[in-house]
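Residue numbers (the numbering used here): 36 to 138. Note that the Cβ used here is the ideal one computed from N, Cα and C, for glycine as well. Here the structure is a predicted model, which is why all the values come from computation and not from measurement.
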Amino acid sequence: MPEIYHPGDAEWIQKMLSAMNSTTREYARDKYAYVYKLRRDEDPVPHRRDNTGARAANTWLRLFFKKNYRSMKGYTEEPLLAPKAQPEDKPKSGNALGQGASQ
């Protein structure tokens, strides 16, 4: 668990962190605490500070998990094929760049 978090979010945080590998989990745990402290300390209204920190940190963790979940599970995709640079029948025509003469 992160060094600091809102007690009401403990179950959700634990669920998110348990789905990660150990290296990613350590990074996410430390970054969660960093975001929580940073945003909490920025809020000028004392009674809203914990909620502000929790909301920012939870948003960060949710987006981090969504972005990295497939790679954490080992899923990869073939790179997209780049379009051919020049048409085979007219290799120096400039058509690939949209510079061909209009006919």
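Can you give me the C-alpha to C-alpha distance between residue i and residue j, rounded to a whole angstrom?
{"i": "ASP85", "j": "ASP44", "result": "11 Å"}
{"i": "THR94", "j": "PRO37", "result": "15 Å"}
{"i": "GLU77", "j": "GLY88", "result": "9 Å"}
{"i": "ARG74", "j": "GLY109", "result": "33 Å"}
{"i": "VAL80", "j": "VAL70", "result": "18 Å"}
{"i": "TRP82", "j": "THR111", "result": "It is worth fixing the name first, because residue 82 is His in this sequence and not Trp. Approximately 45 Å between the Cα atoms of the pair."}
{"i": "ARG62", "j": "GLU46", "result": "First, the residue type needs correcting, since residue 62 is Tyr and not Arg in the sequence shown. Their backbone Cα atoms lie some 19 Å apart in a straight line."}
{"i": "ASP65", "j": "ARG105", "result": "21 Å"}
{"i": "ASN56", "j": "LEU116", "result": "31 Å"}
Please state the DSSP three-state secondary structure of residue i.
{"i": "ASP44", "result": "helix"}
{"i": "ASP76", "result": "helix"}
{"i": "GLU113", "result": "coil"}
{"i": "GLU38", "result": "coil"}
{"i": "ALA54", "result": "coil"}
{"i": "LYS102", "result": "helix"}
{"i": "LYS108", "result": "coil"}
Please go through the same chain and pick out, in chain order, the residues whose beta-carbon is closer than 8 Å to the beta-carbon of residue i, but skip the five residues on each side of it.
{"i": "THR59", "result": "ASN103 and MET107"}
So, for residue i: in the same chain, excluding its five sequence neighbours on each side, which residues have a beta-carbon less than 7 Å away from its beta-carbon?
{"i": "MET51", "result": "LEU96 and PHE100"}
{"i": "SER53", "result": "none"}
Using CA coordinates, which residue listed in the options is at the minimum distance from residue i?
{"i": "TYR40", "options": "LEU98, ARG90 and TYR62", "result": "ARG90"}
{"i": "PRO165", "options": "LEU73, ALA68 and GLU61", "result": "The structure shown has nothing for residue 165, since the chain only spans 36 to 138."}
{"i": "ILE48", "options": "GLU113, LEU98 and VAL80", "result": "LEU98"}
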